[in-house]
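Letter by letter, the sequence shown follows residues 1 to 472 of the UniProt record's numbering.
In what follows, a single structure is set out as structure tokens and then discussed.
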Amino acid sequence: MEKFKSFITEEKRDKITILILTSSVSTKPEIVTGMLITTCKKLGLDCYQIITSEAWISDNDIEKGSIIIKNYEGEDEDIKIETFSTIVFVRAGTLDNEIGLALLSALQNAGCFMINTKNGMLTCDNKMSTYMTFERNGINTPRTSLVNNKKSVFDAHKRIGGKFPVIIKTLTGTQGIGVSKVENMESMMSVIQSLWKFKANLLIQEFLDIKFDVRTVVLNGRIIASTKRIKPEKDFRSNRHMGAKTEPYILNDKEKKVIISAARATGAYMVGVDHALYKGKIYVLECNGSPGLGSQFQNYDITKIPQEPTKKSNIIDFVIEYLQNPLHRLPSYDQEAGYHETVEIEGYGPTRAKFDTGNGTNASMFDVDKIDIQSKTVKWEKDGKKFTSKLIGTSKPTHFGKIDERPIVNVNIKFNNMIYVDVPIGLSTKDSASTFLVNRDLLARFKVSVNPKRKFVLSDWSARADKSDIVT
1 MEKFKSFITE EKRDKITILI LTSSVSTKPE IVTGMLITTC KKLGLDCYQI
51 ITSEAWISDN DIEKGSIIIK NYEGEDEDIK IETFSTIVFV RAGTLDNEIG
101 LALLSALQNA GCFMINTKNG MLTCDNKMST YMTFERNGIN TPRTSLVNNK
151 KSVFDAHKRI GGKFPVIIKT LTGTQGIGVS KVENMESMMS VIQSLWKFKA
201 NLLIQEFLDI KFDVRTVVLN GRIIASTKRI KPEKDFRSNR HMGAKTEPYI
251 LNDKEKKVII SAARATGAYM VGVDHALYKG KIYVLECNGS PGLGSQFQNY
301 DITKIPQEPT KKSNIIDFVI EYLQNPLHRL PSYDQEAGYH ETVEIEGYGP
351 TRAKFDTGNG TNASMFDVDK IDIQSKTVKW EKDGKKFTSK LIGTSKPTHF
401 GKIDERPIVN VNIKFNNMIY VDVPIGLSTK DSASTFLVNR DLLARFKVSV
451 NPKRKFVLSD WSARADKSDI VT
């Protein structure tokens with residue numbers, strides 16, 4: 001079993017910086033922003049609100065991992081942050097306009113750890129996108145359909161079951177805002193046409209007659225808290241902001257499995273998953289990429305698999321302490337590369353490289369013609385070009401039961417218009433199917449994920465060394 005408690009018992013934790021990307025300044029202690037500020041102050045961590053309408057990035061050194069944010073809170077003050085130790089909590093208001101989305105993308109591309117990434121936030125924010133994600137991943141959810149014109153309404157109603165009442169929702173929105181329940185076709189058309197006058201994007205959804213739903217907070221694929229939201233007598237919505245009462249809720253094993261599947265499907269690192277029990281089935285209603293934490297929650301012990309109920313604790317304190325462990329904030333990459341790409345080695349030129357996600361060696365491999373090691377110096381040749389490099393180590397990968405001892409040297413590599421300095425490569429003269437094998441560490445520096453079905457996504461085509469490849 002993984003030892004998740006290590007981050008609590010270790011005396012020394014990472015000194016991280018917390019950024020809250022939001023559309024407005026807030027210090028209210030009962031909302032997430034206020035909770036984050038309070039926890040960071042208690043733990044001695046820097047915490048800044050980045051106001052999307054005020055702040056901008058003036059300097060961004062991606063390779064060094066540092067950025068300067070100007071006028072971050074609208075008070076003409078600047079901050080310099082190190083991206084490898086910075087965590088950005090993205091609040092829902094960030095998605096309201098292109099400026100907020102641009103700042104989100106800039107911080108994500110610079111290498112900050114995002115809660116959540118742009119894709120994760122948008123998947124949760126767009127209810128139709130969430131529905132399609134659930135459908136694709138086999139997660140039970142109320143039938144849902146877009147209505148974008150008068151002709152589509154009748155077909156959409158038929159596809160969600162053809163019965164009344166039904167729920168009308170705006171495509172985006174939280175806290176129960178933009179949600180209506182209608183009892184017949186006349187009311188449905190009236191509400192839809194009224195909302196269309198305000199340029200609203202709408203969907204309709206089958207109605208589930210439930211007394212309560214459950215909000216569960218999932219962090220990194222593990223349940224940390226759940227609450228039962230009991231809807232008010234005169235309202236069909238169960239949002240706390242609409243007057244719903246909340247109480248701690250203990251999940252059964254079936255609920256846990258469905259909730260974790262839904263959270264993983266969204267791609268969000270920290271997400272609120274809403275589900276309900278209806279006629280003996282579990283329905284996932286929606287997900288929230290910036291969940292509120294003001295309800296009465298039942299906490300869960302993530303050191304156990306599956307998670308088990310535990311004593312009540314401060315959720316935000318737990319989340320921040322968890323994130324101080326670098327193993328809990330490993331990055332994900334949205335930019336896609338092919339399994340073959342062209343990289344340019346300084347002094348040698350462009351060469352075809354295989355992006356090998358299974359390569360965990362401590363240096364990428366370069367197939368060369370000659371190697372001569374003299375003390376701490378390596379003289380090597382490739383295609384008639386001669387190099388002299390400092391020996392910085394040795395790689396000893398095992399291939400078919402035999403050890404291939406490779407001297408490691410540093411080279412500069414250009415890929416996707418970026419220059420990467422002092423890239424460790426292991427030199428080999430053994431027969432290899434690939435001229436250059438990119439290991440996982442270099443893939444992380446490139447900040448790409450690899451598509452096993454595509455080649456040369458981010459670079460021009462280059463031939464194999466034996467010229468046997470065809471142009472693709």
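Glycine included, C-beta positions come from ideal geometry on N, C-alpha and C.
Just to confirm, are residue i and residue j a CB contact at a threshold of 8 angstroms?
i    : j    : result
T33  : T22  : yes
A263 : V214 : no
Q205 : P165 : no
W380 : I392 : no
V88  : I115 : yes
A363 : S395 : yes
D253 : P306 : yes
V409 : V438 : no
G349 : F387 : no
L202 : T170 : yes
E98  : E73  : no
Y420 : R454 : no
N359 : R440 : yes
Q231 : K211 : Residue identity differs from the one stated: residue 231 is Lys in this sequence, not Gln. Closer than 8 angstroms, so yes.
K390 : V368 : no
A110 : I67  : yes
V271 : I345 : no
I31  : G292 : yes
Am I right that residue i and residue j are in contact with their C-beta atoms under 8 angstroms? What's the rounded C-beta distance?
i    : j    : result
V191 : I167 : Actually they do not touch by this definition, with Cβ atoms about 11 angstroms apart.
T266 : T435 : With 8 angstroms as the limit, T266 and T435 do not qualify as a contact, their Cβ atoms being about 39 angstroms apart.
S290 : R91  : 5 angstroms
V423 : A337 : With 8 angstroms as the limit, V423 and A337 do not qualify as a contact, their Cβ atoms being about 16 angstroms apart.
L19  : I50  : 5 angstroms
R406 : S428 : 5 angstroms
K127 : E286 : 6 angstroms
I425 : F355 : Not confirmed; about 14 angstroms, so no contact.
Quick one: is the Cβ of residue i within less than 7 angstroms of any heavy atom of the ligand NAD?
i    : result
E135 : Among the ligands in the structure shown, none appear at all, so the ligand NAD cannot be discussed.
Can you give me the Cβ contacts of residue i inside the same chain, cut-off strictly under 8 angstroms, excluding the 5 residues immediately before and after it?
i    : result
T17  : L45, D46, C47, Y48, I81, E82, S85, T86, I87
V284 : F134, I139, N140, T141, V258, I259, A262, V273, D274, H275
E75  : none
D334 : Q108, T117, K118, N119, S449
K28  : G34
K311 : N299
Excluding sequence positions up to five away, which residues of its chain have a Cβ less than 6 angstroms from the Cβ of residue i?
i    : result
R13  : Q324
I403 : K396
S26  : T33
N416 : L458
I373 : P407
M418 : none
C112 : T83, T86, V88
N137 : A265
Go through its chain and collect everything with a Cβ distance to residue i's Cβ below 7 angstroms, but skip five positions before and after it.
i    : result
N220 : Y269, H328
P452 : Y339
Are the C-beta of residue i and some C-beta of chain D separated by less than 8 angstroms?
i   : result
T83 : The displayed structure is made up of one protein chain only, and chain D is not part of it.
Do the region 144 to 153 and the region 279 to 288 make contact, defined as three or more Cβ pairs closer than 8 angstroms? The answer is no - the region 279 to 288 does not touch the region 144 to 153, with fewer than three Cβ pairs under 8 angstroms.
Are the region 294 to 310 and the region 244 to 264 in contact at 8 angstroms, needing three or more beta carbon pairs? yes
Kindly provide the ranges of any beta strand (DSSP E) runs that are 3 or more residues long and lie completely inside the region 111 to 196, ordered along the chain. Counting only unbroken stretches of 3 or more residues, the beta strand (DSSP E) elements lying wholly within the region 111 to 196 are 113 to 115, 144 to 147, 166 to 170, 179 to 182, in sequence order.
State whether the region 456 to 464 contacts the region 334 to 346, with contact taken as three or more CB pairs (one from each stretch) at a distance under 8 angstroms. yes
Is the region 301 to 321 touching the region 118 to 137, taking contact as three or more C-beta pairs under 8 angstroms? No, the region 301 to 321 does not touch the region 118 to 137.
Which ranges would you report for the alpha helix (DSSP H) in the region 283 to 327 if only whole runs of at least 4 residues count? 315 to 323
Do three or more CB pairs link the region 43 to 61 to the region 252 to 261 at distances below 8 angstroms? no
Segments assigned beta strand (DSSP E), at least 3 residues, entirely inside the region 334 to 365: 336 to 338, 340 to 345, 349 to 355
Enumerate, from N- to C-terminal direction, the unbroken alpha helix (DSSP H) stretches of 4 or more residues contained entirely within the region 14 to 64. Counting only runs of 4 or more residues that sit fully inside the region 14 to 64, the alpha helix (DSSP H) segments are 32 to 43, in chain order.
Evaluate the contact criterion for the region 179 to 188 versus the region 218 to 228: three or more CB pairs, one atom per stretch, below 8 angstroms. no
Note down, one range per segment and in chain order, each alpha helix (DSSP H) of at least 4 residues found wholly within the region 241 to 268. 253 to 266
In chain order, what are the residue ranges of uninterrupted beta strand (DSSP E) at least 3 long that sit wholly in the region 74 to 102? 79 to 82, 86 to 90
Please give the ranges of any beta strand (DSSP E) in the region 205 to 229, keeping only runs that are unbroken, at least 3 residues long and fully inside the region. Qualifying beta strand (DSSP E) stretches, in chain order: 212 to 219.
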